[in-house]
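For what it's worth, the working numbering labels the leading residue of the sequence shown as -9, then goes sequentially.
Okay, so here's the structure we're looking at.
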Amino acid sequence: MSAQKSILFIINPKAGVDRVKAIQDAIDKHLDKTLFEVAYAYTEYPNHGIALARNAAAANTDIVVSVGGDGSLNDVVTGLQGTKTILGILPKGSGNGLARAAGIPLKLEKALQVINKMNVHALDLGVANGHYFISNAGVGFDAVITKAFTGNKTRGFKTYLKLIHQYIWRFKTREWLIEIDGQQIREQAFMITVANATQLGYNFFVAPEAKLNDGILDVVIIKEHPRILSGMIGLQAFMGALQQSRYVTQYSGKQIKLTNPGNRMMQVDGDALACEETIEINVLHKAINVLVP
């Protein structure tokens, strides 16, 4: 019989609606204890997960599991990048974009079964001005909504809808210089998403054909459009048909630059971050080992 693998669950107590005890009870019940030696750690402040994951990898922990939403996951990804430690995911956030894109069940019991099966795949990562992402990075309207959501006391899809309705009519687009593998494009853009995964969360598909391990990033541009049509464009995204809109163009590449002198904000895996006027983005092919179905 092979030795047990060390596994650390990094839990964000504020992510999702389940209390920490309920999560640990589910882990105790459904994780195969013959396979794993279990430990827990808890985030106490923003980006604490980076240090917790990095320290676990330095201690040769076999598997580190992110328990929370996409923001918590991004911290763990950042901490594990460049190490041999395997990433596991228990999606307990609101949108859970990466889990949905990777086919990881949202129900805790079923997500734990994915961990028990130990099916490891190497997935790509993106890097935007030094910030790692596993799902997507973007500028424009999604960054504005991300910042507003971060500062909101309530979570969930209804909060996103409320914020979209609040900001949609007053949001002003910018002209962007977009460079993809040396090819330059100028576009008056409502939002630009550089996607490694298919969706932003809640099954809002920005790049339905995106692959998590193809060494390519998809660049999806939603152009300026009559705001009365924004709802239709959003509906197309939920249907996986965003690219059918005449206000959407898509490119793909490995090295991307987004430039606008007036912009100072981007979103990375659902976290709003300050940025320079030029955002340089590239892909790291098969940079992290992840437990997937």
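Beta carbons are placed, not taken as given, at the ideal position from N, Cα and C, and that holds for glycine.
Limits of the unbroken alpha helix (DSSP H) element including residue i
i             : result
glutamine 156 : 147 to 157
threonine 140 : 131 to 140
alanine 48    : 38 to 48
Check whether residue i and residue j have beta carbons under 7 Å apart
i              : j              : result
alanine 31     : leucine 77     : no
arginine 90    : glycine 69     : no
serine 242     : aspartate 208  : yes
valine 54      : valine 66      : yes
alanine 185    : alanine 200    : yes
aspartate 52   : glutamine 257  : no
asparagine 2   : glycine 58     : yes
aspartate 259  : aspartate 60   : yes
threonine 24   : alanine 47     : no
aspartate 204  : asparagine 106 : no
serine 210     : glutamine 245  : According to the sequence displayed, residue 210 carries valine and not serine. Cβ atoms of valine 210 and glutamine 245: not closer than 7 Å.
isoleucine 168 : leucine 248    : yes
C-alpha gap between residue i and residue j, whole angstroms
i                 : j              : result
glutamine 103     : lysine 97      : 10 Å
tryptophan 166    : glutamate 177  : 5 Å
valine 282        : alanine 118    : 25 Å
valine 129        : threonine 136  : 10 Å
isoleucine 124    : leucine 88     : 7 Å
alanine 277       : histidine 155  : 38 Å
glutamate 267     : isoleucine 40  : 26 Å
glutamate 270     : methionine 255 : 13 Å
methionine 108    : arginine 164   : 45 Å
alanine 29        : asparagine 272 : 34 Å
asparagine 193    : asparagine 50  : 35 Å
isoleucine 94     : alanine 187    : 13 Å
histidine 275     : valine 238     : 26 Å
isoleucine 0      : asparagine 37  : 12 Å
valine 7          : glycine 172    : Low local confidence applies: a pLDDT of 43 at valine 7 is under 50, so the model's placement there is unreliable, and no value is given.
glutamine 233     : lysine -5      : 43 Å
alanine 264       : asparagine 126 : 16 Å
phenylalanine 147 : serine 56      : 21 Å
glycine 230       : leucine 190    : 12 Å
threonine 140     : lysine 152     : 14 Å
For residue i, the first and last residue of its enclosing beta strand (DSSP E)
i                 : result
glutamine 14      : Per DSSP, glutamine 14 belongs to no beta strand (DSSP E); it is in the alpha helix (DSSP H), 10 to 20.
threonine 249     : 245 to 249
serine -4         : -5 to 1
phenylalanine 123 : 121 to 123
methionine 255    : 255 to 258
serine 235        : Counting along the chain, serine 235 falls outside any beta strand (DSSP E), and DSSP gives it neither H nor E.
alanine 277       : 268 to 281
aspartate 261     : 261 to 264
glycine 58        : 53 to 58
glutamate 169     : 164 to 170
phenylalanine 26  : 26 to 32
Beta carbon proximity, residue i to chain B, threshold 7 Å
i            : result
threonine 68 : Absent here is chain B; the protein component of the structure consists of one chain.
Integer-rounded CB distance, given that residue j should sit under 8 Å from residue i
i              : j           : result
asparagine 279 : alanine 112 : 6 Å
message = Extract the residue ranges of the alpha helix (DSSP H) inside the stretch 177 to 219, only unbroken runs of 4 or more that lie entirely within it.
response = none
key: beta strand (DSSP E) segments (min. 3 residues) lying fully within the stretch 70 to 110   = 76 to 81
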